Amino acid sequence: MSTAGTIAISVSTAPGWIGPTEMCEHKGVGHPDSLCDGAVEAAARALCRAYLDAYGVIQHFNLDKALLIGGISAPKFGGGQLLRPMRLLVSGPVTELSSAKAEVIVESAIREYFRDHLGTIGCEIEIEPILRPSAPNLRRVTGTQTIPLSNDTSFGVGYAPLSNLEMAVLSSAQLLRSSEFKAAFNVAGHDFKIMGSRLDASRHLTIALAFVDRYVSGVKEYFALKERIASYLAERIQPACEIAINTLDDLGAHDESGVYLTVTGLSAEHGDDGQVGRGNRVNGLITPYRPMSLEATAGKNPAAHVGKLYNVLAHQLAARILTDVADLDMVVVRLLSGIGRPIDQPQLVAINVVAEDRLTTVEHDHIREIARQQLADLPTLVKELATGTLPVF
Numbered sequence: 334m335s336t337a338g339t340i341a342i343s344v345s346t347a348p349g350w351i352g353p354t355e356m357c358e359h360k361g362v363g364h365p366d367s368l369c370d371g372a373v374e375a376a377a378r379a380l381c382r383a384y385l386d387a388y389g390v391i392q393h394f395n396l397d398k399a400l401l402i403g404g405i406s407a408p409k410f411g412g413g414q415l416l417r418p419m420r421l422l423v424s425g426p427v428t429e430l431s432s433a434k435a436e437v438i439v440e441s442a443i444r445e446y447f448r449d450h451l452g453t454i455g456c457e458i459e460i461e462p463i464l465r466p467s468a469p470n471l472r473r474v475t476g477t478q479t480i481p482l483s484n485d486t487s488f489g490v491g492y493a494p495l496s497n498l499e500m501a502v503l504s505s506a507q508l509l510r511s512s513e514f515k516a517a518f519n520v521a522g523h524d525f526k527i528m529g530s531r532l533d534a535s536r537h538l539t540i541a542l543a544f545v546d547r548y549v550s551g552v553k554e555y556f557a558l559k560e561r562i563a564s565y566l567a568e569r570i571q572p573a574c575e576i577a578i579n580t581l582d583d584l585g586a587h588d589e590s591g592v593y594l595t596v597t598g599l600s601a602e603h604g605d606d607g608q609v610g611r612g613n614r615v616n617g618l619i620t621p622y623r624p625m626s627l628e629a630t631a632g633k634n635p636a637a638h639v640g641k642l643y644n645v646l647a648h649q650l651a652a653r654i655l656t657d658v659a660d661l662d663m664v665v666v667r668l669l670s671g672i673g674r675p676i677d678q679p680q681l682v683a684i685n686v687v688a689e690d691r692l693t694t695v696e697h698d699h700i701r702e703i704a705r706q707q708l709a710d711l712p713t714l715v716k717e718l719a720t721g722t723l724p725v726f
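In terms of the working numbering, the sequence shown opens at residue 334 and continues consecutively.
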């Protein structure tokens, strides 16, 4: 059983954080930042598989630094062209393999990810891994211990439940990714961003959605398609929201320059760069009204880097406490690691709950036991992250 340094529980009987205003955001799979996150996470999983095959245990590495350099394009109604390809640089320390070059594994995994999520468009992105050996002292955190040591002194944050606005943003993202939507609107590219806002009970979504030029004949059809997509989404997104799409569009446009038109369906095709860690947190959202970590979870080592483990675990633990302990309105979990400590022994587990009444001693003990159980089950979480069973952005 885990021996966390301290499990501190605080209780507030005041109403939850929900106030008169709220904002949250989601970046879709084709957004430049999400492309970086997805690429390095796919590469990290591939390295995990290679290390397990070669050593029987995940070795030290981190691939949480990447830059997507935008290209240059000339979109045109009916079909334009890509003039300069996009370029992805991936940097990080790795433990080398005797059976294969880490660069080859990383590049191959990223290429497969782009192909699976973007189709033939993914082949238009150049990939350059820039890898180097891990520092000798950091290699000690994995490879020999049954429970790895923390790779960093860092913290993870999670909360439950989601607000109605957060659920609306996630449901709209799911709809934009769905095969049903893609079949109805082949003009919609993979790059989208959803910004949700709320004033009292009124919810509004502002959506940036890349249109693919070869599926649009002109300005009139562009605006007609945009109106149809807005209506389609408004009828299906729950809870209900007002929807505005591509609000920079010039209503008096006469050519391609006045609307959001792309060749590939990606804004990165013409100057929009991306970086790891600037996108969604582990629950798929960017939430300025909520406590959250700025850690980039994608690409980090799932066996030892608490910047990944603790952010995922904090959300899981918050959801578990909310489910298992009666009459709670909200739960926030913060986990603090210490470099060199076993990953199941954080320095501090800080749990804040919002409830109508103060908790009993039994309920306090129950929450502590849930935390200890979740920490003891970290090896299972490591396996799920290494195999990609759990999303991290």
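Just so you know, even glycine gets a beta-carbon here, dropped at the ideal spot from N, CA and C. Keep in mind the model is a prediction, meaning the values are calculated, not measured.
Go through its chain and collect everything with a Cβ distance to Phe726's Cβ below 8 Å, but skip five positions before and after it. Answer for Phe726: Ser367, Asp370, Gly371, Glu374, Gly612, Asn613, Arg614, Val615, Gly617, Thr630, Ala631, listed in chain order.
Whole angstroms is fine: what's the gap from Ile351's alpha carbon to Gly491's? Ile351 and Gly491: Cα-Cα distance of roughly 16 Å.
Would you grab the beta carbon distance between Ala719 and Ile391 for me? Rounded to a whole angstrom, and I think it's under 8 Å. Their Cβ separation, rounded to whole angstroms, is 6 Å, which keeps Ala719 and Ile391 in contact under 8 Å.
Excluding five sequence neighbours on each side, which residues of the same chain lie with their C-beta closer than 8 Å to the C-beta of Leu421? Excluding sequence neighbours, Leu421 sits near Leu368, Cys369, Ala372, Ala399, Leu400, Leu401, Ile402, Ile443, Ile458, Glu459, Ile460, Glu461.
Nearest to His603 by CA position, among Asp386, Leu594, Glu429, is which residue? If we check each option's Cα against that of His603, Leu594 comes out closest.
Could you check which residue in Leu708, Asp606, Leu642, Arg536 has the C-alpha nearest to that of Ile405? Nearest of Leu708, Asp606, Leu642, Arg536 to Ile405, Cα basis: Asp606.
Beta-bridge partners of Gly425, as assigned by DSSP: Beta-bridge pairing links Gly425 to Leu464.
By DSSP's criteria, Asp539 is part of a beta bridge. Which residues make up the other side? According to the sequence provided, residue 539 is Thr. The question's Asp does not apply to it. Paired residue(s): Met528, Ala577.
Starting from the Cα of Pro311, find the closest Cα among Asp583, Phe394, Ala543 and give me that residue. What is shown of the chain runs 334 to 726, which leaves residue 311 out entirely.
Measuring alpha carbon to alpha carbon, tell me which of Ala577, Asp677, Val502 ends up nearest Lys360. Of the candidates Ala577, Asp677, Val502, the one whose C-alpha sits nearest the C-alpha of Lys360 is Val502.
Output needed for Ile576: all residues of its chain with C-beta closer than 6 Å, excluding positions within five of it in sequence on either side, in chain order. If we look at Ile576 and ignore the five residues flanking it on each side, its Cβ neighbours are Leu538, Ala563, Leu566, Ala567.
One or two residues paired with Ala683 in a DSSP bridge: According to DSSP, which records beta bridges pairwise, Ala683 is partnered with Ala341, Arg667.
Who are the Cβ neighbours of Met334 in its own chain at under 7 Å, not counting the five residues just before and after it? With a pLDDT of 48 at Met334, under the threshold of 50, the modelled position of that residue is not reliable, and the figure given next carries that caveat. The beta carbon of Met334 sits closer than 7 Å to those of Arg705, Ala709, all from its chain and outside the five residues before and after it, given in chain order.
What's the call for Asp386, buried or exposed, on a 16-neighbour Cβ count within 10 Å? Burial state of Asp386 is exposed, judged by a 10 Å Cβ sphere holding fewer than 16 other Cβ atoms.
Quick check: the Cα distance between Ser496 and Lys633, rounded to an integer number of angstroms? In a straight line, the C-alpha of Ser496 is about 28 Å away from that of Lys633.
DSSP three-state call for Met356: helix, strand or coil? It is a strand residue.
Can you list, in chain order, the residues of its chain whose CB lies under 8 Å from that of Gly522, leaving out five sequence neighbours each side? So the qualifying residues of the chain are Gly363, Leu542, Ala543, Phe544, Val545, Thr595, Thr597, Gly598, Leu599.
Buried or exposed by the 16-neighbour rule on C-beta atoms within 10 Å, applied to Ala435: Classification for Ala435: buried.
What is the rounded straight-line gap between the Cα of Ile676 and the Cα of Lys716? Their Cα atoms are separated by approximately 14 Å.
Leaving out five residues on either side along the sequence, give the residues of the same chain with a beta carbon under 7 Å from the beta carbon of Cys381. Ile391, Pro635, Ala719, listed in sequence order.
Under the rule that 16 or more other beta-carbon atoms within 10 Å means buried, what is Asp698, buried or exposed? Its Cβ having fewer than 16 others within 10 Å, Asp698 is exposed.
Closest to Gln414 by C-alpha separation, out of Asn395, Val423, Ile454, Val437, would be which residue? For the residues Asn395, Val423, Ile454, Val437, the minimum Cα distance to Gln414 belongs to Ile454.
Expressed to the nearest angstrom, what Euclidean distance is found between the alpha-carbon atoms of Arg674 and Gln608? When rounded, the distance between both Cα atoms is 30 Å.
Which residues bound the beta strand (DSSP E) around Ala399? The continuous beta strand (DSSP E) containing Ala399 extends over residues 398-402.
For Gln392, the first and last residue of its enclosing alpha helix (DSSP H): Annotation: Gln392 is outside any alpha helix (DSSP H) and is labelled neither H nor E by DSSP.
What is the DSSP secondary structure of Arg701, reduced to helix, strand or coil? Note: Arg701 maps to helix in three-state DSSP.
Helix, strand or coil for Leu711? Go by DSSP, reduced to three states. It is helical.
So, at 6 Å on beta carbons, what are the nonlocal neighbours of Thr620 in its own chain, with the 5 sequence-adjacent residues on each side left out? For Thr620, where only same-chain residues beyond five positions count, the Cβ hits under 6 Å are Cys357.
Just curious, the alpha helix (DSSP H) that Tyr492 is in, first and last residue? For Tyr492, there is no enclosing alpha helix (DSSP H); the enclosing beta strand (DSSP E) has its first and last residue at 488-493.
Skipping 5 residues on each side, what residues in its chain have a beta carbon closer than 8 Å to that of Ile570? For Ile570, where only same-chain residues beyond five positions count, the Cβ hits under 8 Å are Ala501, Ser504, Ser505, Leu508, Leu538, Ile576.
Please state whether DSSP places Leu723 in a helix, a strand or coil. Three-state DSSP puts Leu723 in coil, outside helix and strand.
Can you name, in chain order, every residue of its own chain whose Cβ lies under 6 Å from the Cβ of Ala377, other than the five neighbours on each side? For Ala377, where only same-chain residues beyond five positions count, the Cβ hits under 6 Å are Leu396, Gly632.
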